[in-house]
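Residue numbers (the numbering used here): 21 to 329. Yeah, the Cβ is synthetic: ideal placement off N, Cα and C, and Gly gets one too. A short write-up of the structure that comes next.
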């Protein structure tokens, strides 16, 4: 386990060096707000779908992999439902602006920006295969429960946004090509490789840029924020690991899912908080604090998962 921990710490440290570069660039104004927005769009609409499609292209379609895909869907579905019930019964603050941020920040991890690069580094294409399914389920839940939890209005439920999300489109296209055994020609696969290569450095730089504007005080002066961070970084991933292990899940699937569940709070928490006028300072604090703390918690949790796998 010590070897796994040291290897993971090195991988996470590499990601945090990239984050530090983004922070420095933002602090020194080498990168402005408009550039951060542009890079975010580049990753969401091109880099992430490309790495997902490319990874599925390297996975052979067979009955076992199809069953693994369906099993991953069921597992992630259960993790989200359990997390939602946990947060509904735990965070019952009368102030909806705080309550919604605590719930959404606890339930949804940064399974795209933070997890996919780590899954690829540790597990290769198999890691991205399972990570992509997690991202797809994330998009389904965040544009249904997450949206309603933040807005407080079921009328804001957007089926169109849910099914036209670039991450979900990328996963759907990847699965179709994979299931139909369609291998893309080199003139298409090469650009996919190059764009997919951006999925590690660019998201980390973006996170660093957001950290440059972070206000951590709110997260470290609120007792419920501490509870939210504990659930997000420790309790949910460890309970998930225990349950999955007892259910007989092993190998790359187990490790990939635990990587996604152990990731810090999703940036979507702040985006929704800003859009619906919730406690934005608390959301920024949660996202920033969990991102910084994850350099300690992620290697520990994922190394444990590798030991069980």
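- Residue 214 is classed as exposed because its beta carbon has fewer than 16 other beta carbons within 10 Å across all chains shown.
- Out of 252, 322 and 187, the CA that lies nearest to the CA of residue 163 is found in 187.
- The stretch 24-41 makes no contact with the stretch 89-103; the number of CB pairs closer than 8 Å stays below 3.
- Every alpha helix (DSSP H) of 4 residues or more that sits fully in the stretch 225-302 is shown, in chain order, as 237-240, 243-250, 256-266, 271-281 and 288-295.
- Under the 8 Å Cβ criterion, the stretch 211-230 counts as touching the stretch 61-73, having at least three qualifying pairs.
- Taking the CA atoms as reference points, residue 313 sits about 22 Å from residue 158.
- From the listed residues 291, 144 and 292, the smallest Cα separation to residue 77 is found for 144.
- For residue 112, the closest alpha carbon among the candidates 130, 61, 169 and 329 is that of 169.
- About 6 Å separates the beta carbon of residue 249 from that of residue 309, a gap short enough to meet the 8 Å contact definition.
- Of the residues assessed, residue 54 falls on the exposed side of the cut-off, its CB having fewer than 16 other CB atoms within 10 angstroms.
- Beta-bridge pairing by DSSP links residue 135 to no other residue.
- A contact between stretches requires three or more CB pairs, one per stretch, nearer than 8 Å, and the stretch 290-298 fails this requirement with the stretch 310-329.
- Distances from the alpha-carbon of residue 202 to those of 122, 258, 79 and 28 put 79 closest.
- With a contact defined as Cβ atoms closer than 8 Å, residue 126 and residue 251 qualify at about 5 Å.
- Per DSSP, the continuous alpha helix (DSSP H) segment holding residue 146 begins and ends at 145-161.
- The alpha-carbon separation between residue 227 and residue 242 amounts to approximately 23 Å.
- Short of 8 Å from the beta carbon of residue 40, and not among the five residues preceding or following it, lie these beta carbons of its own chain, in chain order: 228.
- In this structure, the alpha-carbon of residue 261 lies about 14 Å from that of residue 103.
- Excluding sequence positions up to five before and after residue 185, its CB lies within less than 8 Å of the CB of 159 and 163, all in the same chain and listed in chain order.
- Excluding five sequence positions before and after residue 274, the CB atoms of its chain that fall closer than 8 Å to its own CB belong to 261, 264, 265, 325, 328 and 329, given in chain order.
- Boundaries of the alpha helix (DSSP H) around residue 216: 206-216.
- Following the DSSP letters along the chain, one finds residue 64 in no alpha helix (DSSP H), marked with neither H nor E.
- Relative to the Cα of residue 123, the nearest Cα in the group 245, 63 and 190 belongs to 245.
- Residue 303 is a Cβ neighbour of residue 293, given a cutoff of 8 Å.
- By alpha-carbon distance to residue 107, the top candidate from 305, 268, 247 and 279 is 247.
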